[in-house]
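Participant: Residue numbers (numbering that gives the first Met the number 0), protein chains in the order written: chain A, 0 to 238; chain B, 0 to 238.
For each residue, glycine too, the CB sits at the ideal point set by N, CA and C.
Number of protein chains: 2
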Amino acid sequence: MTDIATAAPVRTIAFVLYPGITALDLVGPLQVLSALGQAGLGHEVVVVADRLEPMGTDTPLALTASHTFADVPSPHALVVPGGDVATIRAMTDERLLAYLRGASAGAEITASVCTGALLLGAAGLLAGRRATTHWMYRNLLGEFGATPVARRWVEDGPVVTAAGVSAGIDMALRLVSRMAGEEIARTIRYGIEYDPEPPLGPLDWDAAPRATFAPMVEAILRDGLADSPQWSARLVGRA
Amino acid sequence: MTDIATAAPVRTIAFVLYPGITALDLVGPLQVLSALGQAGLGHEVVVVADRLEPMGTDTPLALTASHTFADVPSPHALVVPGGDVATIRAMTDERLLAYLRGASAGAEITASVCTGALLLGAAGLLAGRRATTHWMYRNLLGEFGATPVARRWVEDGPVVTAAGVSAGIDMALRLVSRMAGEEIARTIRYGIEYDPEPPLGPLDWDAAPRATFAPMVEAILRDGLADSPQWSARLVGRA
Numbered sequence: 000m001t002d003i004a005t006a007a008p009v010r011t012i013a014f015v016l017y018p019g020i021t022a023l024d025l026v027g028p029l030q031v032l033s034a035l036g037q038a039g040l041g042h043e044v045v046v047v048a049d050r051l052e053p054m055g056t057d058t059p060l061a062l063t064a065s066h067t068f069a070d071v072p073s074p075h076a077l078v079v080p081g082g083d084v085a086t087i088r089a090m091t092d093e094r095l096l097a098y099l100r101g102a103s104a105g106a107e108i109t110a111s112v113c114t115g116a117l118l119l120g121a122a123g124l125l126a127g128r129r130a131t132t133h134w135m136y137r138n139l140l141g142e143f144g145a146t147p148v149a150r151r152w153v154e155d156g157p158v159v160t161a162a163g164v165s166a167g168i169d170m171a172l173r174l175v176s177r178m179a180g181e182e183i184a185r186t187i188r189y190g191i192e193y194d195p196e197p198p199l200g201p202l203d204w205d206a207a208p209r210a211t212f213a214p215m216v217e218a219i220l221r222d223g224l225a226d227s228p229q230w231s232a233r234l235v236g237r238a
Numbered sequence: 000m001t002d003i004a005t006a007a008p009v010r011t012i013a014f015v016l017y018p019g020i021t022a023l024d025l026v027g028p029l030q031v032l033s034a035l036g037q038a039g040l041g042h043e044v045v046v047v048a049d050r051l052e053p054m055g056t057d058t059p060l061a062l063t064a065s066h067t068f069a070d071v072p073s074p075h076a077l078v079v080p081g082g083d084v085a086t087i088r089a090m091t092d093e094r095l096l097a098y099l100r101g102a103s104a105g106a107e108i109t110a111s112v113c114t115g116a117l118l119l120g121a122a123g124l125l126a127g128r129r130a131t132t133h134w135m136y137r138n139l140l141g142e143f144g145a146t147p148v149a150r151r152w153v154e155d156g157p158v159v160t161a162a163g164v165s166a167g168i169d170m171a172l173r174l175v176s177r178m179a180g181e182e183i184a185r186t187i188r189y190g191i192e193y194d195p196e197p198p199l200g201p202l203d204w205d206a207a208p209r210a211t212f213a214p215m216v217e218a219i220l221r222d223g224l225a226d227s228p229q230w231s232a233r234l235v236g237r238a
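1) Taking its Cβ as the centre, do 16 or more other Cβ atoms sit within 10 Å of B:Leu35, making it buried, or is it exposed?
2) Do A:Pro53 and A:Ala61 have their beta-carbon atoms positioned less than 7 Å apart in this structure?
3) Given that a residue counts as buried once 16 or more other Cβ atoms are within 10 Å of its Cβ, and exposed if not, what is A:Gln229?
4) From the DSSP secondary-structure annotation, give me the bridge partner or partners of B:Arg10.
5) How long is the line joining the alpha carbons of A:Gly163 and B:Ala225, rounded to whole angstroms?
6) For the putative contact between B:Val153 and B:Thr109, defined by C-beta atoms under 8 Å, what is the C-beta separation to the nearest angstrom?
7) When burial is assigned at 16 or more other CB atoms within 10 Å of the CB, is B:Asp24 buried or exposed?
8) For A:Ala238, which residues from the same chain have a beta carbon less than 8 Å from its beta carbon, with the 5 sequence-adjacent residues on both sides left out?
9) Grab me the residues of A:Gly115's own chain with a C-beta within less than 6 Å of its C-beta, minus the 5 sequence neighbours each way, in chain order.
10) Which of helix, strand or coil does DSSP assign to A:Leu118?
11) When you check each C-beta in the stretch 153 to 183 of chain B against every C-beta of chain A, which residues fall closer than 8 Å?
12) Nearest CA to the CA of A:Asp83: which residue from A:Gly27, A:Arg209 and A:Leu117?
13) Within 7 Å (strictly less), CB to CB, does A:Asp49 reach chain B?
14) Could you have a look at B:Arg129 and say whether DSSP puts it in helix, strand or coil?
15) For A:Arg188, return the contacting residues in chain B, with the cut-off set at a CB-CB distance below 8 Å.
16) Could you give the C-beta distance for A:His75 and A:Arg10, rounded to a whole number, given that I count them as a contact under 8 Å?
17) Specify, as a first and last residue, the run of the alpha helix (DSSP H) that A:Ala225 falls within.
18) Would you give the residue range spanned by the alpha helix (DSSP H) that B:Thr86 belongs to?
19) Which of helix, strand or coil does DSSP assign to A:Trp134?
20) Consider the Cβ of B:Asp226: report whether some Cβ of chain A lies at a distance smaller than 7 Å.
21) Nearest to A:Leu199 by CA position, among B:Leu96, B:Gly120, B:Ala121 and B:Gly180, is which residue?
22) Roughly how many angstroms lie between the CA atoms of A:Asp222 and A:Thr86, to the nearest whole one?
23) Look at the alpha carbon of A:Ala149 and the alpha carbon of A:Ala130, and state the distance between them as a whole number of angstroms.
24) In chain A, which residues lie less than 9 Å from B:Thr63 when you measure between Cβ atoms?
25) Just to confirm, is the Cβ distance from B:Ser176 to B:Ala184 under 7 Å?
26) Starting from B:Glu217, find everything on chain A with Cβ-Cβ shorter than 9 Å and list it in chain order.
27) Alpha carbon to alpha carbon, how far is B:Ser33 from B:Asp49? Give it in angstroms, no decimals.
28) What residues of chain B sit near A:Trp134, judged by a beta carbon separation below 7 Å?
29) With hydrogens ignored, establish whether the beta-carbon of A:Arg209 is closer than 6 Å to any heavy atom of the ligand FAD.
30) Kindly indicate which residue of B:Leu95, B:Glu142, B:Leu202 and B:Phe68 has the alpha-carbon position closest to the one of B:Val235.
31) Residues of the stretch 31 to 47 of chain A with a CB closer than 7 Å to any CB of chain B: list them in chain order, please.
32) For chain A, is any of its Cβ atoms less than 7 Å away from the one on B:Pro208?
33) When you compare the CB of B:Ala232 with every CB in chain A, is at least one pair closer than 7 Å?
34) Note down the Cα distance separating A:Thr211 from B:Arg233, rounded to an integer number of angstroms.
35) Could you compute how far the alpha carbon of B:Gly156 sits from the alpha carbon of B:Ala13?
36) Shorter than 7 Å from the beta carbon of A:Leu23 to some beta carbon of chain B?
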């Protein structure tokens, strides 16, 4: 396989896949940016992983990447999805973290969705940045030297972080505007008919069911960091 | 593999996978309904396909189902995603249509996302129903005996159809309300942080770029129905 990232003038947008992710964290923004890739403006979208075999998700679906990490060492943009216990566990996956550091170093955009921000944090890429993540994990961002911000997505120079799961779609459209202009972003919205009408109206965040989610989140942190006393000491009980 | 659909009292929600789908058509509602599956209320979510191997999508990602059609002959609910040329081509895939007819016969809910409605139509499941699909294909629904409705999703008894791509998320939340109540639907919305803030605000449908999309849609219909003179005569030029 050729190293497509070096085949100028294509700008490669690399989505990172690892086992156990939240499927929509990846597929929401992937659908948006794949439409940009098909627009013929010089963007190529790939999904990169440690290996090219089906990987489980938090749904019954398994996902297979298009390229290995080695194929795409220097993408133009990097998007890192999150998940629950699998993502927390991946915070100590040194192969994955090494890829994130290397790929981010030359990238113009390093983005995350949901708890993907914790992987950027574990890789040292959030230090000194304003950032967001899933609302139940937002308090943890300070442990990575980041300033937590309660917004749908947060842009701090090259680092763009989205809130939980579905927020990746909104962030990806913003990235399209940044890379190709608002006209293209709007056309993609018509293409995927993205004019949401969530049943039950807007959510009341003051009434968010924190008590329902808190025990799950603590269990996820405890399980995911069981083999990492250092991260465990810093994160468990802090969400 | 056991036939999980017969293991009462589990209610099986089966997402249908076939080659070339629009990934978000499947993964949006799958993420929502997988959360229902994890809520411990007796719902089990599966992804069914002709075979258990990675299938390409309209993105660089390949998807693998969890069960074969034969494993899940009688689901409680069926959800059929759409796509572009691959979906139009699937309108003449008799194995797929036979599965849709058989599975739908005993299902309490038969749902589609985007052009998945055309597959329901080709299977004869839209006759006499009010239905919707991607806005650029909506005019075609009459050819299947359905009444086209311009809404985000349309419920006509057991048949629930969603508009294009991202509309599957909204429809799936409505299905959760129907199957488990609004409280669960709202909790799932918090879980996936589904409180959209699309960049650039609401879309103006009177200004929808029909002329931009029309040639693509006609090419998709022509290519997808090249081997089916009958459907070709009825659908090409009618979108």
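Facilitator: Reading it off the structure:
1) buried
2) The answer is yes: Cβ separation under 7 Å.
3) exposed
4) BP columns for B:Arg10 point to B:His42.
5) 43 Å
6) Rounded, the Cβ-Cβ distance is 12 Å, inconsistent with contact.
7) buried
8) Met135, Tyr136, Asn138, Leu139, Ala213, Val216, Glu217 and Leu220
9) Val79, Pro80 and Gly81
10) Here DSSP, grouped into helix, strand and coil, assigns A:Leu118 to helix.
11) Ala162, Gly163, Val164, Ser165, Ala166, Ile168, Asp169, Leu172, Arg173, Ser176 and Glu181
12) A:Leu117
13) no
14) In the structure shown, B:Arg129 sits in a strand (DSSP, three-state: E or B).
15) Pro197, Leu199 and Leu202
16) 4 Å
17) Taken as a continuous stretch (DSSP letters only), A:Ala225 belongs to no alpha helix (DSSP H), as it is neither H nor E.
18) Val84 to Ala89
19) coil
20) no
21) B:Gly180
22) So the alpha carbons of these two residues sit roughly 11 Å apart.
23) Rounded to the nearest whole angstrom, the C-alpha separation of A:Ala149 and A:Ala130 is 9 Å.
24) Here the neighbours are Pro53, Leu60, Ala61, Leu62 and Thr63.
25) yes
26) Going along chain A, no residue has its Cβ under 9 Å from B:Glu217, so there is no contact; the nearest lies around 16 Å.
27) 21 Å
28) Glu192
29) Of the ligands one can find in the structure shown there are none, so the ligand FAD has no counterpart to examine.
30) B:Glu142
31) From the stretch 31 to 47 of chain A, only Ser33, Val44, Val45 and Val46 have a Cβ closer than 7 Å to chain B.
32) Put simply, the CB of B:Pro208 is near chain A, with a gap under 7 Å to one of its CB atoms.
33) no
34) 52 Å
35) 18 Å
36) At least one chain B Cβ lies under 7 Å of A:Leu23.
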